[in-house]
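K.L.:
Here you go, one structure.
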Amino acid sequence: MPIVARVLIVEDDADVRDWVAHCMLGDGHEIRGVPDGATLRRLRADEPGYLPDLVLMDYALPDVDGVALLAELEEVWPDVAAVFVTVQWTGEIIDRIAQTGRERIAKPFQPDDLRAAARRALGTGGRQE
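This is the structure in structure tokens:
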């Protein structure tokens with residue numbers, strides 16, 4: 001049985017953000033989406049009680065890279081699970097994501113792969129063991 005969770009999608013491409021949401025809705029999750037770090041900061045300011053269980057995030061955002069944004073999020077949401085969903089796969093980016101201990105999946109992805117990564121993250125806090 002899938003874990004029903006509050007899922008926040010941080011993705012600047014609206015079509016990809018909608019596709020990720022569509023994939024995750026099948027498991028009954030509550031979905032929110034934002035296009036960038038600035039919008040996420042406004043969401044936190046406007047709704048201080050909002051706490052996602054899982055953040056599915058792109059690495060290459062228009063105003064901040066995903067690793068830097070995750071570090072910022074961990075200051076206010078220390079136990080949030082996270083998965084990087086990105087097309088960016090240079091050696092440096094792979095290393096930076098690996099240093100977070102978070103799982104990453106490549107775009108394009110299969111819906112089952114995304115859901116499986118989300119379930120693993122929710123079970124471990126998003127850190128790879």
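Residues in the sequence shown are numbered from 1 upward in steps of one, following full-length UniProt numbering. Even for Gly, the Cβ is constructed at its ideal location relative to N, Cα and C.
Could you check whether the region 63-80 touches the region 105-117, counting it as contact only if at least three pairs of C-beta atoms, one from each stretch, sit closer than 8 angstroms?
P.N.:
Counting Cβ pairs under 8 angstroms, fewer than three are found: no touch.
K.L.:
Taking the alpha-carbon of residue 117 as reference, which of 100, 99, 83 has the nearest alpha-carbon?
P.N.:
Along the sequence shown, read from residue 1 onward, the residue named residue 117 stands at position 117. It is 83.
K.L.:
For residue 53, is the classification buried or exposed, using 16 other Cβ atoms within 10 angstroms of its Cβ as the cut-off for buried?
P.N.:
Numbered from 1 along the sequence shown, position 53 holds the residue referred to as residue 53. Buried, since its Cβ has 16 or more Cβ neighbours within 10 Å.
K.L.:
Would you mind giving the Cβ-Cβ distance between residue 70 and residue 100, rounded to the nearest angstrom? I have them listed as a contact below 8 angstroms.
P.N.:
Taking the sequence shown and counting its residues from 1, one reaches residue 70 at position 70. Taking the sequence shown and counting its residues from 1, one reaches residue 100 at position 100. Correct: roughly 6 angstroms between the Cβ atoms.
K.L.:
So, with DSSP's three-state summary, where would you put residue 7?
P.N.:
Numbered from its first residue, the sequence shown carries residue 7 at position 7. Residue 7: strand per DSSP, three-state reduction.
K.L.:
May I ask which residues mark the beginning and end of the beta strand (DSSP E) holding residue 106?
P.N.:
As a first step, residue 106 is located in the sequence shown; it is residue number 106 there, counting from the start. First-last of the beta strand (DSSP E) with residue 106: 103-106.
K.L.:
Would you tell me roughly how many angstroms separate the C-alpha atoms of residue 38 and residue 11, rounded to the nearest one?
P.N.:
Counted from its first residue, the sequence shown places residue 38 at position 38. Counted from its first residue, the sequence shown places residue 11 at position 11. Their backbone Cα atoms lie some 12 angstroms apart in a straight line.
K.L.:
Write down every uninterrupted run of the alpha helix (DSSP H) in the region 32-105 whose length is 4 residues or greater and which is fully enclosed by it, in chain order.
P.N.:
Runs found: 37-46, 66-76, 91-100.
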